[in-house]
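2 protein chains.
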Amino acid sequence: MAQTFRSRRRQEPEPVRIDLNGVFASTIGAASGIREGELGTLRPRLAAAIETLQSERAQGLHPFLDLPQDRDALGEMLSLVQQLREDVDHLVVLGIGGSARGARALAAALDGAPRRKHRDAPELIVADNIDPASFARLLDELDLSRTVFSVVSKSGETSETMAQFLIVRERLLRELGAMDYVKHILVTTDADAGSLRQIVNDEGFPSTAFPGGVSGRFSALSSVHLLPVALLGIDVEEILDGAAAMDERCRERDPEKNPAALLAGVRYLLDVLHGVPTAVLMPYCDRLAPLADWWCQLWAESLGKRVERDGGRLSIGQTPVRAIGAADQHSQMQLYLDGPADKVVTFVRVADAGVQLEIPRSYPDLEDVAYLGGHGLGDLLVMEQRAMELALNKRGRPTIAIEMPHLTPFTIGQLVYLMEVETTLVAALFGIDPFNQPAVEEGKRLTFGLAGKPGYEDERGEIERWLAAKLPERVV
Amino acid sequence: MAQTFRSRRRQEPEPVRIDLNGVFASTIGAASGIREGELGTLRPRLAAAIETLQSERAQGLHPFLDLPQDRDALGEMLSLVQQLREDVDHLVVLGIGGSARGARALAAALDGAPRRKHRDAPELIVADNIDPASFARLLDELDLSRTVFSVVSKSGETSETMAQFLIVRERLLRELGAMDYVKHILVTTDADAGSLRQIVNDEGFPSTAFPGGVSGRFSALSSVHLLPVALLGIDVEEILDGAAAMDERCRERDPEKNPAALLAGVRYLLDVLHGVPTAVLMPYCDRLAPLADWWCQLWAESLGKRVERDGGRLSIGQTPVRAIGAADQHSQMQLYLDGPADKVVTFVRVADAGVQLEIPRSYPDLEDVAYLGGHGLGDLLVMEQRAMELALNKRGRPTIAIEMPHLTPFTIGQLVYLMEVETTLVAALFGIDPFNQPAVEEGKRLTFGLAGKPGYEDERGEIERWLAAKLPERVV
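Going down the list, the sequences are from chains A and B.
The first sequence begins at 0 in numbering that gives the first Met the number 0 and counts up by one.
The second sequence begins at 0 in numbering that gives the first Met the number 0 and counts up by one.
Have a look at this one:
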């Protein structure tokens, strides 16, 4: 398959390009702009980070990096997809965080099918929360006999996902009976651990393995997310082809030629030397909104860490913020322009949206309207993005512009892989582990305490004392 | 109507409560916690801000504050709604920013109707972007003969909205003919200004006036947003009743008893004295996600300002961030707990989601699952919120918890009004105008230049020089 791709893609490569002009002092001034020398000084560290990452990868330490090439199981997955396409109207992913966002991001970016009419593929629904109102409404609307629930939990113990699973399992048992309910649940979990694996073994649910050694938020290019995406009729091999093409660029040892390293270096310098603790990702494209949500998790959970340094504790991590152009120009841009100079705005621009809607020249004599006539709606969107980029730069505020020639599986694959490698390299510069999330454990323990899980009586006591100590006069 | 409300609501008031325990030094420690004395020192300034706001209001300066009582036009609006309910399947709002988010927030929070099946009300679609792919798909899916487009632009010149209008007008003309197209567009714009008003006068589109003196982002409780919400069958008078009830509390001159003033004071102190430049709003409720988006605009555009102070320039404004619980526990919480201590997290907790989904006790012997059995899904959601609040407080990180007893028009009306008054009072503490957005003008001028609007040739030249000056070696 890689062979097919290579011959095809070499003729029409469509690389994603990253414009870094907007972060340099020569463009935006010395107050927040990066000086060439700063990047030069960082260069050896960046080169070492690339080297370490790739040599650890060669030792099998970072299997997420090899997902674009890892196509052995693809054939089996695609035949499962073929069967699902015949049997189901809805695939509902029950998962949260890294078990949900990759599929949603890829599907939203690439699903060209209309929402309702003339739809010949099943619909994908990602249920990544336990709000009882929305979950009850969802279950009421589905024809369960034409629905498969894909339960995704790496640990097999995620409380939200397990709660959803328990509710769905009972509903399927009741409505479809003990013979059939098993066929309507597909489980993805770690190969050999967790209660969910035991349940699968006992009851015989169809199951697939969560890829070994891949953290949830770095699993977007694995079958966990590609299966539901393939179900929509999206060419997942092209996604992997795009990721593989970006992988080639990100293996480049010279940081100046490696897009992930350059991006990592630039954002690291902005954070550490230029007082920019906030990273905005602002696609000018509705379909990329869920991809921005996926990135917000990737960035926040991988880089938001507390480390021991020189005998003290240091908290690091830029805050990721999602904005959508042009809509958020009328919401956030006032703050980005006039508020504190603490943000780098990364635009994602789609050069050709694939659809042209020409604005008609209906009122040639009304000057506040006439200038719009004859432009394409997509051209107007690109003009607005350019205008915002310049407006920010003029105020000395750093911007990055990622240009997607089109929104295709091939370009999306590049973007996802780029962001994963960039995040990993930023972690290397900070000397932190991007793959763990130690802080969330405490919240889990406290929830266990409140829910009465045996062994968490201390946590229950702690939370009850804290609730009792709240001063009523501070509740207004 | 107010009379009916008063007698009914006095029996069942359902006030929204704000728990401020989590911001005080006595709970979270002195590093980031507010000391009683700090709030005491601010008290006279807060009292003065309340006094000024209410006396300016009495002079007619802040008509947005009177929207809950301003029900003269309600009867007319509701009969228009009645007619629309019979004639249309879809109402599509064409607007952006403050012309769009209020309706979307209220509708999402309160529309209990199923998304598709058995729907007896028209569907509301808010099209607040000019992405050609999503706009083309939307237009292709609609039955135009059963659709009304509500064009909302206060200035009557908003480029995105006017572009949408031009495309839709031509499509309606083509498909429905010159006799009928006029009936499918409803225009809301300033009473006496703008090209859109002139078009309305010339062509005879039905129209309503954007309320005078009300800025878009403070217009959520006006007919601009209540009309589409009423169309869904939501009781908009109860929304206004809730807002009126909150108004009574926010007129209170003693800041300690005024929820908006307390919130404003607390967030101001966190920003100015405790190094907290980021304000997270984290509802534990899917239906409140669009309300959080509405608030992000309210906060960012009202408070993100540059001011002249002591001969220099000062940039102010906390960055608003939307998070949704419990989903974002698996995305952002690691950063909030371990990353920089630069955030205040405001939770919104719905005590009773109105739907109970009990988690079945399916596996009593599997301890990683058994503890979930017997709890309601909504109870689990509330437990998780409590656990996160305590986890943050234990790390010295400030939290605020807004408790909604139920999600009803009455409680949502309270919340919206509370947030509007709070924002206005924070602006007063900073000495800034919350109702303007001067910085976005430059971006508009640059867009005009690129689009070739006469009179903006200088801007066109500027943006072309900037594009030409980009160094190709900084594009990777």
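We put the CB at the ideal spot given by N, CA and C, even for glycine.
If you run the structure through DSSP and keep just helix, strand and coil, what is isoleucine 315 of chain A?
-> For this step, residue 315 of chain A is matched to residue 316 along the first sequence. Correct three-state label for isoleucine 315 of chain A: strand.
Round the Cβ separation of proline 282 of chain A and glutamine 317 of chain A to the nearest angstrom and send it over; I've been treating them as touching at under 8 Å.
-> Residue numbering aside, residue 282 of chain A sits at position 283 when the first sequence is read from its first letter. Residue numbering aside, residue 317 of chain A sits at position 318 when the first sequence is read from its first letter. That pair is no contact at about 18 Å.
Of all the CB atoms in chain B, is at least one closer than 8 Å to the CB of arginine 103 of chain A?
-> What you label residue 103 of chain A is simply residue 104 of the first sequence in a count that begins at 1. Cβ-Cβ to chain B under 8 Å: no for arginine 103 of chain A.
Taking alanine 278 of chain B as the query, report the chain A residues whose CB atoms sit under 8 Å from its CB, ordered along the chain.
-> Numbered from 1 along the second sequence, position 279 holds the residue referred to as residue 278 of chain B. Chain A residues near alanine 278 of chain B: none, gap ~11 Å exceeds 8 Å.
Contact list for the segment 141-152 of chain B against chain A, Cβ threshold 7 Å = none
So aspartate 139 of chain B is in the alpha helix (DSSP H); what residue range does that whole segment cover?
-> As a working note, residue 139 of chain B is residue 140 in the second sequence. Looking at the DSSP string, the run of the alpha helix (DSSP H) that includes aspartate 139 of chain B is 131-140.
Stretch-stretch touch, CB-based, cutoff 8 Å, three pairs: the segment 360-376 of chain A with the segment 450-460 of chain B = yes
Does at least one heavy atom of the ligand SAM sit under 7 Å from the Cβ of proline 131 of chain B?
-> Among the components of this structure there are no ligands whatsoever, and the ligand SAM is therefore not found.
If we cut at 8 Å on Cβ distances, does leucine 182 of chain A have a partner in chain B?
-> Taking the first residue of the first sequence as 1, we reach residue 182 of chain A at position 183. The displayed chain sequence assigns lysine, not leucine, to residue 182 of chain A. Chain B contact via Cβ: absent.
Just how far apart, CA to CA, sit isoleucine 124 of chain A and histidine 374 of chain B?
-> Locating residue 124 of chain A in the first sequence gives position 125, counting from the first residue. Locating residue 374 of chain B in the second sequence gives position 375, counting from the first residue. Cα to Cα, isoleucine 124 of chain A sits roughly 25 Å from histidine 374 of chain B.
With a CB to CB cut of under 6 Å and the five nearest residues on each side skipped, what residues in its chain are close to alanine 468 of chain B?
-> By 1-based counting over the second sequence, the position of residue 468 of chain B is 469. Same-chain partners within the cutoff: there are none.
Between asparagine 128 of chain A and glycine 274 of chain B, what straight-line distance do the alpha-carbon atoms span, to the nearest angstrom?
-> Taking the first sequence and counting its residues from 1, one reaches residue 128 of chain A at position 129. Taking the second sequence and counting its residues from 1, one reaches residue 274 of chain B at position 275. Distance between the alpha carbons of asparagine 128 of chain A and glycine 274 of chain B: 32 Å.
Starting from glycine 241 of chain A, find everything on chain B with Cβ-Cβ shorter than 9 Å and list it in chain order.
-> Taking the first sequence and counting its residues from 1, one reaches residue 241 of chain A at position 242. Within chain B, no residue comes near glycine 241 of chain A; the closest Cβ sits about 17 Å away, beyond 9 Å.
Can you give the beta carbon distance from proline 67 of chain B to alanine 243 of chain B, rounded, assuming they're within the 8 Å contact cut?
-> Locating residue 67 of chain B in the second sequence gives position 68, counting from the first residue. Locating residue 243 of chain B in the second sequence gives position 244, counting from the first residue. That belief holds up - the Cβ atoms of proline 67 of chain B and alanine 243 of chain B are roughly 4 Å apart, short of 8 Å.
Within this structure, are the beta carbons of valine 87 of chain A and threonine 146 of chain A separated by less than 8 Å?
-> Taking the first residue of the first sequence as position 1, residue 87 of chain A is located at position 88. Taking the first residue of the first sequence as position 1, residue 146 of chain A is located at position 147. Going by C-beta atoms, valine 87 of chain A is nearer than 8 Å to threonine 146 of chain A.
Best match in B/Arg216, B/Glu75, B/Gln436 for proximity to tyrosine 416 of chain B [C-alpha to C-alpha] = For the purposes of this step, residue 416 of chain B is identified with residue 417 of the second sequence, where counting begins at 1. Tyrosine 416 of chain B has its Cα closest to that of B/Arg216, out of B/Arg216, B/Glu75, B/Gln436.
Which residue or residues does DSSP assign as beta-bridge partners of arginine 305 of chain A?
-> Against the first sequence, residue 305 of chain A aligns to sequence position 306. DSSP lists A/Ser314 as partners of arginine 305 of chain A.
When the cut-off is 8 Å and only beta carbons count, does serine 221 of chain B lie next to chain A?
-> Locating residue 221 of chain B in the second sequence gives position 222, counting from the first residue. Cβ-Cβ to chain A under 8 Å: no for serine 221 of chain B.
Inspect the beta-carbon positions of isoleucine 411 of chain A and isoleucine 238 of chain A and report whether they are closer than 8 Å.
-> Residue numbering aside, residue 411 of chain A sits at position 412 when the first sequence is read from its first letter. Residue numbering aside, residue 238 of chain A sits at position 239 when the first sequence is read from its first letter. Yes. Within cutoff.
Compare the C-beta of arginine 5 of chain B with all C-beta atoms of chain A and state if any pair is closer than 8 Å.
-> The count along the second sequence starts at 1 and reaches residue 5 of chain B at position 6. With a pLDDT of 38 at arginine 5 of chain B, under the threshold of 50, the modelled position of that residue is not reliable, and no figure is offered here.
Using a Cβ cut-off of 8 Å (strictly closer), state whether arginine 168 of chain B contacts chain A.
-> Walking along the second sequence from the start, residue 168 of chain B turns up at place 169. True, the Cβ-Cβ gap to chain A drops below 8 Å.
Taking the beta strand (DSSP E) that aspartate 18 of chain A falls in, what are its first and last residues?
-> Within the first sequence, numbered from 1, the residue matching residue 18 of chain A stands at position 19. Segment 16-18, the beta strand (DSSP E) holding aspartate 18 of chain A.
Verify whether the separation of the beta carbon atoms of serine 31 of chain A and proline 397 of chain A is less than 8 Å.
-> Working through the first sequence from its first residue, we reach residue 31 of chain A at position 32. Working through the first sequence from its first residue, we reach residue 397 of chain A at position 398. Contact: yes.
Sort A/Leu38, A/Ala438, A/Glu159 by Cα distance to serine 314 of chain A and report the nearest one.
-> Counting from 1 along the first sequence, the entry for residue 314 of chain A is found at position 315. Considering only alpha carbons, the answer is A/Ala438.
For leucine 365 of chain B, return the contacting residues in chain A, with the cut-off set at a CB-CB distance below 8 Å.
-> The residue labelled residue 365 of chain B in the question sits at position 366 within the second sequence. Those within 8 Å of leucine 365 of chain B in chain A are Ser194, Gln197, Ile198.
Can you tell me the Cα-Cα spacing of phenylalanine 528 of chain A and leucine 141 of chain A, whole angstroms?
-> Because chain A spans 0 through 475 in this model, residue 528 of chain A falls outside it and cannot be assessed.
Can you tell me the Cα-Cα spacing of histidine 329 of chain A and aspartate 130 of chain A, whole angstroms?
-> Within the first sequence, numbered from 1, the residue matching residue 329 of chain A stands at position 330. Within the first sequence, numbered from 1, the residue matching residue 130 of chain A stands at position 131. Roughly 30 Å between the two C-alpha positions.
Looking at C-beta atoms only, is the number of pairs between the segment 225-233 of chain B and the segment 92-112 of chain B that lie closer than 8 Å three or more?
-> yes
Measuring CB to CB, does valine 235 of chain B end up less than 8 Å from phenylalanine 204 of chain B?
-> On the second sequence, residue 235 of chain B is found 236 positions in, with the first residue counted as 1. On the second sequence, residue 204 of chain B is found 205 positions in, with the first residue counted as 1. Not in contact: valine 235 of chain B and phenylalanine 204 of chain B (Cβ atoms no closer than 8 Å).
For the segment 405-441 of chain B, which segments carrying the alpha helix (DSSP H) assignment without a break, of at least 4 residues, lie completely within its bounds, in sequence order?
-> 408-429
At a Cβ threshold of 8 Å, is proline 131 of chain A touching chain B?
-> Taking the first sequence and counting its residues from 1, one reaches residue 131 of chain A at position 132. Taking Cβ atoms only, chain B reaches closer than 8 Å to proline 131 of chain A, which makes this a yes.
Do the CB positions of tryptophan 294 of chain A and proline 319 of chain A come within less than 8 Å of each other?
-> Mapped onto the first sequence, residue 294 of chain A falls at position 295. Mapped onto the first sequence, residue 319 of chain A falls at position 320. In contact: tryptophan 294 of chain A and proline 319 of chain A (Cβ atoms closer than 8 Å).
Pair within 8 Å by beta-carbon distance, valine 91 of chain A and serine 149 of chain A = As a position in the first sequence, residue 91 of chain A is number 92, starting the count at 1. As a position in the first sequence, residue 149 of chain A is number 150, starting the count at 1. Yes, these two residues count as a Cβ contact at 8 Å.
Expected contact under 8 Å - CB spacing of glycine 28 of chain A and glycine 395 of chain A to nearest Å | One-based indexing of the first sequence puts residue 28 of chain A at position 29. One-based indexing of the first sequence puts residue 395 of chain A at position 396. About 5 Å separates the two Cβ atoms, so the contact holds.
Where does arginine 308 of chain A land, buried or exposed, given buried means 16+ other C-beta within 10 angstroms?
-> The residue labelled residue 308 of chain A in the question sits at position 309 within the first sequence. Flag for arginine 308 of chain A reads exposed.
Under 8 Å by beta carbon: chain B residues contacting glutamine 436 of chain A = Along the first sequence, read from residue 1 onward, the residue named residue 436 of chain A stands at position 437. Simply Gln333.
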